[in-house]
Amino acid sequence: MAKRITFATRFGTIVAVGGSVVGLGNIWRFPYLAGENGGSAFMLTYITISLLISIPIMLSEFIIGRSSRRNALRSFKKLSRGNRLWMSAGYMGILSAFLILAFYSVIGGWALKFLLSSIAGTFIGATPESIATGFDAFVAGGWQPLLFAFLFSAACAAVVAAGVVKGIERYNKILMPLMVLILVGLNVNAFFMSGWREGAEFLLRPDFGKITWRVGLEALGQSFFSMSIGMGAMITYGSYMKRSENMFRVAGTVAITDLSIAILSGMAIFPAVFTYGISPTSGPELVFLALPNIFAQLPGGYLVAVLFFMMLVAAAITSSVSLLEVIAAYMSEELRISRRKATILGAAGVFALSILCALSQIPGSGLRLLGSNIFDLFNSSTSNVLMPLGAMLIVVFAGWALGRDKFNRQLTSEGRYGTRLLRPAVRFMIRFVIPPFIALLFLAQIGFIK
Ligand code: PHE
1 MAKRITFATR FGTIVAVGGS VVGLGNIWRF PYLAGENGGS AFMLTYITIS
51 LLISIPIMLS EFIIGRSSRR NALRSFKKLS RGNRLWMSAG YMGILSAFLI
101 LAFYSVIGGW ALKFLLSSIA GTFIGATPES IATGFDAFVA GGWQPLLFAF
151 LFSAACAAVV AAGVVKGIER YNKILMPLMV LILVGLNVNA FFMSGWREGA
201 EFLLRPDFGK ITWRVGLEAL GQSFFSMSIG MGAMITYGSY MKRSENMFRV
251 AGTVAITDLS IAILSGMAIF PAVFTYGISP TSGPELVFLA LPNIFAQLPG
301 GYLVAVLFFM MLVAAAITSS VSLLEVIAAY MSEELRISRR KATILGAAGV
351 FALSILCALS QIPGSGLRLL GSNIFDLFNS STSNVLMPLG AMLIVVFAGW
401 ALGRDKFNRQ LTSEGRYGTR LLRPAVRFMI RFVIPPFIAL LFLAQIGFIK
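What follows is the structure in structure tokens.
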């Protein structure tokens with residue numbers, strides 16, 4: 001067999017993994033979930049889980065991907081010699097990719113729409129009321145969200161089908177640092193808002209009484225979503241990783257970047273939420289209601305808005321690319337069709353689901369499944385059910401079924417890194433801490449533990 005292509009440099013690896021990890025999860029999903037789940041209680045749980053639970057899970061995925069050098073499903077098939085239980089982890093990952101991409105494209109479409117609005121100068125002189133009514137009309141109209149979701153998906157499919165992922169990565173090297181810079185700027189600006197104190201206290205003042213099982217599960221789901229773990233994207237990317245790559249360093253760097261961007265985003269947005277009287281529990285619209293207000297009053301707001309939404313769309317595309325990659329790699333290999341065809345077919349399937357998501361958001365639309373609108377159902381079932389379950393299978397497989405030797409060799413890159421402290425600590429977490437922790441949160445959810 002031909003030697004599998006690998007990322008050329010460590011920097012290239014970090015940019016690719018970082019491109020998957022940093023996305024709408026940081027800027028859109030994190031703030032609104034924090035708002036719905038008590039602010040600081042959510043934030044603290046989220047940070048703890050990301051550092052102690054999510055990093056070892058990401059390492060497990062790298063281990064599985066790099067030792068098999070196959071796509072998400074084939075990895076399990078090959079390493080377990082066709083065991084049904086482990087293969088189900090692969091199938092679940094592919095299902096997750098479809099469902100996530102379906103609602104992700106709708107929000108990616110919102111970001112695209114906001115990019116055009118900011119170019120058109122719509123936010124100049126806007127008031128909180130005009131922003132809210134404009135946004136409601138956009139979603140309720142129905143056809144615009146569909147159109148923008150379509151444009152967003154088409155852009156992602158074009159990127160994957162044409163194999164220009166490399167090109168996108170080149171832009172990412174510039175766009176990601178710029179994103180951090182703008183977020184830092186927005187944080188400085190937030191400091192001068194009348195709602196700064198309230199916003200900062202909401203996110204930062206510890207209130208352990210508010211930490212419930214529900215908050216724990218939502219924080220776990222958000223951490224998995226934001227780190228792109230529990231569904232095979234990092235298995236796929238791990239399969240492109242060089243044998244000599246230090247995976248501790250890759251996972252650590254992207255985890256810290258991911259956390260920092262989420263926190264910066266929250267700290268930019270909540271002062272505005274309180275300054276402009278937006279409800280922290282507004283849900284998925286929160287960020288889209290808050291941001292235009294910031295740009296409306298900011299000196300040079302026009303340019304900052306355009307740059308910000310450009311980067312948001314770019315960050316969303318690089319994340320979607322990693323999701324579509326899971327589907328395209330699977331379909332082209334299993335159905336034996338060309339990569340191009342697989343991408344187009346996969347994207348078309350996803351878009352059919354996106355239509356349901358977008359239409360179900362129109363107020364009063366009857367599009368409901370299992371008692372909630374389809375957008376919410378896809379959004380919460382992936383993060384709160386499928387990804388934790390997938391992560392559970394992934395760590396149990398890596399920690400208990402893969403074999404100690406293979407595990408250790410992959411984790412340390414043949415004895416190169418972290419052999420003394422990190423290897424035993426990570427292996428201990430993977431085997432003994434993470435599986436019971438995920439199980440505990442699940443049992444608590446279905447009311448087993450109070
Ligand atoms: N991590 C991405 C984000 O934060 C979303 C994502 C989830 C990407 C799962 C790949 C896999 O936007």
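Read in the working numbering, the sequence shown has 421 at position 421, and its numbers run on one by one without any break. Every residue, glycine too, gets a C-beta built ideally from N, C-alpha and C.
In this chain, Pro280 is not harboured by any alpha helix (DSSP H), its DSSP state being neither H nor E. Here the distance from the Cβ of Ala233 to the nearest heavy atom of the ligand PHE is below 6 Å. Using a C-beta cut-off of 8 Å, the stretch 75 to 88 makes contact with the stretch 397 to 407, since at least three inter-stretch Cβ pairs fall below that distance. In the structure shown, Arg205 adopts coil according to DSSP, grouped into three states.
Taken in chain order, the whole alpha helix (DSSP H) runs of length 4 or more contained in the stretch 276 to 358 are 286 to 297, 301 to 334. Inclusion of Leu323 in the 6 Å shell around the ligand PHE follows from its C-beta lying nearer than that to a non-hydrogen atom of the ligand.
Within the DSSP secondary-structure output, Asn373 pairs in a beta bridge with Arg368.
When the five nearest sequence neighbours on each side are left out, the beta carbons in the same chain lying within less than 7 Å of the beta carbon of Ile27 are those of Ser265, Val287, Leu312, in order along the chain.
The beta carbons of Ile362 and Ala140 sit about 6 Å from each other, so the pair counts as a contact at 8 Å. The alpha-carbon separation between Ala233 and Tyr240 amounts to approximately 11 Å.
Considering only Gly19, Tyr32, Arg66, Leu44, the residue with the shortest C-alpha distance to Gln410 is Arg66. When distances are taken from the beta-carbon of Val287 to the heavy atoms of the ligand PHE, even the shortest one reaches 6 Å or more. Check the Cα spacing between Tyr104 and each of Leu204, Leu33, Gly25: the tightest is with Gly25. Taken through DSSP and simplified to helix, strand or coil, Glu245 comes out as coil. Sequence-distant Cβ neighbours of Asn379 in its own chain, meaning closer than 7 Å and more than five residues away, are Phe103.
Inter-residue distance for Ala162 and Glu325 is about 12 Å (C-alpha atoms, whole angstroms). Assigned with DSSP and collapsed to three states, Asn384 falls in helix. Ala358 sits close to Ala149, with the two beta carbons spaced by under 7 Å. Residues Phe274 of the same chain have their beta carbon placed closer than 6 Å to that of Glu198, with the five preceding and five following residues left out of the count.
Thr343 sits buried, since 16 or more C-beta atoms from the chains shown fall within 10 Å of its C-beta. For Val254, the shortest separation between its Cβ and any heavy atom of the ligand PHE does not lie below 6 Å. Judged by beta-carbon spacing, Ile327 lies beyond the 7 Å limit of Gly300, meaning their Cβ atoms are not closer than that value. Under the 8 Å Cβ criterion, the stretch 35 to 43 does not count as touching the stretch 294 to 309, having fewer than three qualifying pairs. For the pair Gly390 and Gly230, the CB atoms are nearer than the 7 Å cut-off.
Just measuring C-alpha positions, the residue of Ile100, Ala132, Ser322 sitting nearest Cys156 is Ser322. Relative to the Cα of Val188, the nearest Cα in the group Thr133, Lys242, Leu298 belongs to Leu298. In this structure, DSSP gives Ser228 a state outside helix and strand, which the three-state scheme calls coil. Exclusion of Phe138 from the 6 Å shell around the ligand PHE follows from its C-beta lying no nearer than that to any non-hydrogen atom of the ligand.
Looking only at Thr236, Ala34, Met58, Tyr32, the smallest Cα-Cα distance to Ile256 is reached by Met58. Shown here, Tyr240 sits in coil according to DSSP, grouped into three states, outside any helix or strand. For Val15, the secondary structure class from DSSP, reduced to helix, strand or coil, is helix.
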